[in-house]
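No gaps in the numbering here: position 175 of the sequence shown is 175 in full-length UniProt numbering, and each next residue is one more.
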Amino acid sequence: MTERDIPGQYLDGYAQLLADVSATGRRLTRDEIESRRALGERAADAGHALRALISAYLAATRVAWPDTPGSSDSTLAAVQQVVDAFAEGYERAQRLAVRQEEAARREFIDDLLYGRSDLGRLAERAERFGLRLSHAHAVAVAQGPTAYDESAAAPRQVERALIARFGDRSTLVTTKDGRILCIAPGDQEDVLAYFAKQAYAATEGGLVAVGRAQPGAGGVVQSYEEALNTLDLAERLDLDAPVLHAADLLVYPVLTRDRQAMADLVLDALGPLTGARGGAEPLLDTLTAYFDCGCVAAEAARRLSLSVRALTYRLERIHKLTGANPADPAHRYTLQTAVIGARLLDWPAKQL
Numbered sequence: 001m002t003e004r005d006i007p008g009q010y011l012d013g014y015a016q017l018l019a020d021v022s023a024t025g026r027r028l029t030r031d032e033i034e035s036r037r038a039l040g041e042r043a044a045d046a047g048h049a050l051r052a053l054i055s056a057y058l059a060a061t062r063v064a065w066p067d068t069p070g071s072s073d074s075t076l077a078a079v080q081q082v083v084d085a086f087a088e089g090y091e092r093a094q095r096l097a098v099r100q101e102e103a104a105r106r107e108f109i110d111d112l113l114y115g116r117s118d119l120g121r122l123a124e125r126a127e128r129f130g131l132r133l134s135h136a137h138a139v140a141v142a143q144g145p146t147a148y149d150e151s152a153a154a155p156r157q158v159e160r161a162l163i164a165r166f167g168d169r170s171t172l173v174t175t176k177d178g179r180i181l182c183i184a185p186g187d188q189e190d191v192l193a194y195f196a197k198q199a200y201a202a203t204e205g206g207l208v209a210v211g212r213a214q215p216g217a218g219g220v221v222q223s224y225e226e227a228l229n230t231l232d233l234a235e236r237l238d239l240d241a242p243v244l245h246a247a248d249l250l251v252y253p254v255l256t257r258d259r260q261a262m263a264d265l266v267l268d269a270l271g272p273l274t275g276a277r278g279g280a281e282p283l284l285d286t287l288t289a290y291f292d293c294g295c296v297a298a299e300a301a302r303r304l305s306l307s308v309r310a311l312t313y314r315l316e317r318i319h320k321l322t323g324a325n326p327a328d329p330a331h332r333y334t335l336q337t338a339v340i341g342a343r344l345l346d347w348p349a350k351q352l
């Protein structure tokens, strides 16, 4: 848009104002300055470009100049005041629009992730932010050593990288509760994989969890909750993979679906370990390492910084206390399930 396309209403009274200032040498009054700010705000709200608006003012100044016989210094000072006030009003309106857009975006994200809005209305609002909720979506969540918000460098770095790589692919990068989120169409696994890579780097080695693709507006909530639960599992089970997929860990929610039954199993199978000297935790750590490395005693001993003989002694002690032999396939499944349950339920740190 050029200055020729700018409506004359944004220049109302300008030529007369210059003539008056030139003739009297006075400065602009507070009301005159405020009126120019108001014109700048209206021009911004109407979507006109600031460059074209300033160009229109300069062109109007050139046209009016021959009719201003007074002091050129006072006239130039008035031009400066007018342009400055107009630009200030324009920028003020833009800042307000940005704040309103950010507030609308945050409200939409909160409603989307909490599922607390009318789904039809939510789908309409989603179009504004590039999401089509009639399709399946998956949510990836990145957690770093510190909390992030929209203004932090890490989420902006990740978003720029995604846009540079994929352009507009109907994705949304945001933050929630200190974590970085990516909402993407469920069939665009490459986007989520790239997000995970960039988020891992931006959070300096953080953890990324990816929920399963789920259909509809409610599917975003489901995928988000799956990703959060996966992060929780990673913390409880000391999983060290940088990227975890909820689809690969479905067995764990199944194990804890009946919490009381799992608690009973833990206490029945592992409860006797509390009678050991030093408590249950050293022996529980022994079982964890033993099962994690495929029941290879030498590798388990290495992980625990023990000799193989010391590890074997611990396994024998576990057998004696519990009546279950970790090396016996008939006992192994029960013990391993109980060990997983203990880690999920944070036993013995928490009483069951």
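Built from N, CA and C at the ideal position, the CB exists for glycine as well.
Where the alpha helix (DSSP H) containing residue i begins and where it ends
i      : result
HIS331 : 329 to 344
GLN100 : 72 to 114
LYS197 : 189 to 202
ILE163 : 153 to 166
ALA324 : No alpha helix (DSSP H) holds ALA324; DSSP gives it neither H nor E.
VAL21  : 14 to 24
THR288 : 281 to 292
VAL266 : 259 to 270
ARG303 : 297 to 303
ILE54  : 50 to 64
LEU39  : 30 to 45
Opposing strand residues paired with residue i [DSSP bridges]
i      : result
ILE318 : None, per the DSSP bridge assignment.
GLN143 : LEU207
GLN214 : HIS137
HIS245 : VAL210
GLY178 : TYR148
VAL308 : Answer by DSSP bridge pairing: none, since VAL308 is not bridged.
LEU172 : ILE183
Beta-carbon proximity of residue i to residue j, cut-off 8 angstroms
i      : j      : result
LEU192 : ALA234 : no
LEU284 : VAL210 : no
TYR313 : ALA300 : no
LEU237 : LEU287 : no
ARG27  : ALA77  : yes
GLU41  : TYR90  : yes
LEU162 : TYR114 : no
LEU311 : LEU304 : yes
LEU321 : ALA276 : yes
GLN157 : ALA85  : no
SER170 : PRO185 : yes
Nearest candidate by alpha-carbon position, reference residue i, set the options
i      : options                        : result
GLY47  : ALA97, LEU11, ASP84, LEU17     : ALA97
ALA327 : GLN94, VAL296, ALA338, GLY178  : VAL296
PRO272 : LEU28, ILE318, LEU231, HIS245  : ILE318
ASP111 : TYR224, ARG179, ALA60          : TYR224
ASP187 : PRO155, HIS135, LEU228, ALA199 : HIS135
LEU207 : VAL141, TYR114, PRO155, ASP73  : VAL141
ILE278 : ASP177, LEU39, PRO348, TYR333  : The identity of residue 278 in the sequence shown is Gly, whereas the question assumes Ile. Measuring from the Cα of GLY278, the nearest candidate turns out to be PRO348.
VAL21  : TYR90, GLN198, GLN80           : GLN80
ALA123 : GLU91, ASP168, PRO145, GLY219  : GLY219
ALA104 : ALA154, ARG125, ALA23          : ARG125
GLU150 : LYS176, ALA164, ASP190, SER170 : LYS176
VAL251 : LYS350, ALA269, GLU226, SER72  : GLU226
GLY167 : ILE180, ASP190, ALA213         : ASP190
ALA153 : ARG121, LEU133, GLU204         : GLU204
ALA38  : ALA19, LEU11, THR24, ALA23     : LEU11
ILE180 : GLY120, SER170, ARG92, LEU228  : LEU228
GLN198 : PRO185, ALA164, SER170, VAL221 : ALA164
GLU88  : ARG62, GLY120, GLU34           : GLU34
LEU50  : ARG99, VAL221, ARG92           : ARG92
Cβ shell of residue i (< 8 angstroms), same chain only, five flanking positions each side left out
i      : result
THR256 : MET262, GLY341, LEU344, LEU345
LEU352 : ALA263, VAL266, LEU267, LEU345
LEU239 : LEU233
N-terminal and C-terminal residue of the beta strand (DSSP E) that residue i is part of
i      : result
LEU250 : That residue, LEU250, is in no beta strand (DSSP E); it is neither H nor E in DSSP.
Close beta carbons around residue i, own chain, < 7 angstroms, minus the five adjacent residues each side
i      : result
LEU172 : PHE129, GLY130, LEU131, ILE183
PHE6   : According to the sequence shown, residue 6 is Ile rather than Phe. Counting only Cβ-Cβ distances below 7 angstroms, and skipping sequence neighbours, we find HIS48, ALA52, LEU53, ALA56.
ALA15  : ALA60, ALA64
PRO215 : ALA136
ASN325 : HIS319, HIS331
GLN94  : ALA44
VAL83  : ILE54, TYR57
GLY13  : none
SER74  : VAL21, SER22, GLY25
ALA269 : THR322, ALA324, THR334, LEU335, ALA338
Contacting residues, own chain, Cβ-Cβ under 6 angstroms from residue i (five flanking each side not counted)
i      : result
LEU17  : none
LEU231 : GLN143, ALA209
PRO242 : TYR200
ALA280 : LEU273, THR274, PRO348
ALA147 : GLY178
ALA246 : GLY211, ARG212, GLU226, THR230
GLU159 : VAL173
LEU133 : ALA123, ALA126, ALA217
ILE109 : THR174
Minimum Cβ-Cβ distance from residue i to chain D less than 8 angstroms
i      : result
ALA247 : The displayed structure is made up of one protein chain only, and chain D is not part of it.
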